[in-house]
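Working notes for the structure below.
Numbering (my numbering), first residue to last: 4 to 234.
See the structure below:
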């Protein structure tokens, strides 16, 4: 089975990218399952069921970092795909912060970024973009051709080995190119013992444990203080 992660910042168009991709895969009678992770609530699981009629499992990370939640539950989603005889299991993360690192070694990693977030955005995104095999660039119809070209160039500057694909979330144009790359992805028998491509953000400070008060006396654990020096 192919196990593929689809990650990106909030509102970058991940779900629409998946819908267009899965429609094309189903045309070839490829069995697909989806694991959808979100932070608080989501209706995307029902959307996948209604539009695509495929097996879907939804996980809500709640107060836990969704990147950590995804890693903790990766095997469970993998088993869900297996139980549903999926040829491909796609995991859509919640909208992640720029330091998150959801990619797994030897499993295809897709990052979704949108042009309207700003041409400097690729330089601001960390492992989620720099370790991806495929970068899907969305909302290109909302910016000029020059901006699209600069954005694409900036993506490839931070990740020269990635395949960059422009995909229109409204029309689905570009989804066929993504499908071809997905079909070339490695298969895996198990996730047990496999490694992430990059370490995740640390999550062991007092605020991770539920602290809400501001002040040095309330800050414990992995706390990094900035050097307050005027630029």
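We put the beta carbon where it would ideally sit given N, CA and C, even for glycine.
Excluding sequence positions up to five away, which residues of its chain have a Cβ less than 6 Å from the Cβ of residue i?
i	result
residue 223	209
residue 238	Examination of residue 238 is not possible in this model, given that the chain is present from 4 through 234 alone.
If we count the other Cβ atoms within 10 Å of its Cβ and call it buried at 16 or more, is residue i buried or exposed?
i	result
residue 145	exposed
residue 228	exposed
residue 7	buried
residue 72	buried
residue 205	exposed
residue 23	buried
residue 64	buried
residue 230	exposed
residue 165	buried
residue 149	exposed
Look up residue i in the DSSP assignment and say whether it is helix, strand or coil.
i	result
residue 167	strand
residue 231	coil
residue 190	coil
residue 129	coil
residue 143	helix
residue 214	coil
residue 77	helix
Report all residues from its chain with a CB closer than 7 Å to the CB of residue i; omit the five preceding and five following residues, and keep chain order.
i	result
residue 34	88, 89, 90
residue 167	138, 140, 155, 158, 159
residue 126	157, 161
Could you give the C-beta distance for residue i and residue j, rounded to a whole number, given that I count them as a contact under 8 Å?
i	j	result
residue 113	residue 69	That pair is no contact at about 16 Å.
residue 5	residue 11	Not a contact, Cβ separation roughly 19 Å.
For residue i, collect the residues of the same chain with a Cβ closer than 8 Å to its Cβ; drop the 5 residues on either side in sequence, then sort them by chain order.
i	result
residue 83	36, 38, 58, 60, 92
Relative to the alpha-carbon of residue i, which residue among the options has its alpha-carbon at the smallest distance?
i	options	result
residue 136	121, 217, 120, 105	105
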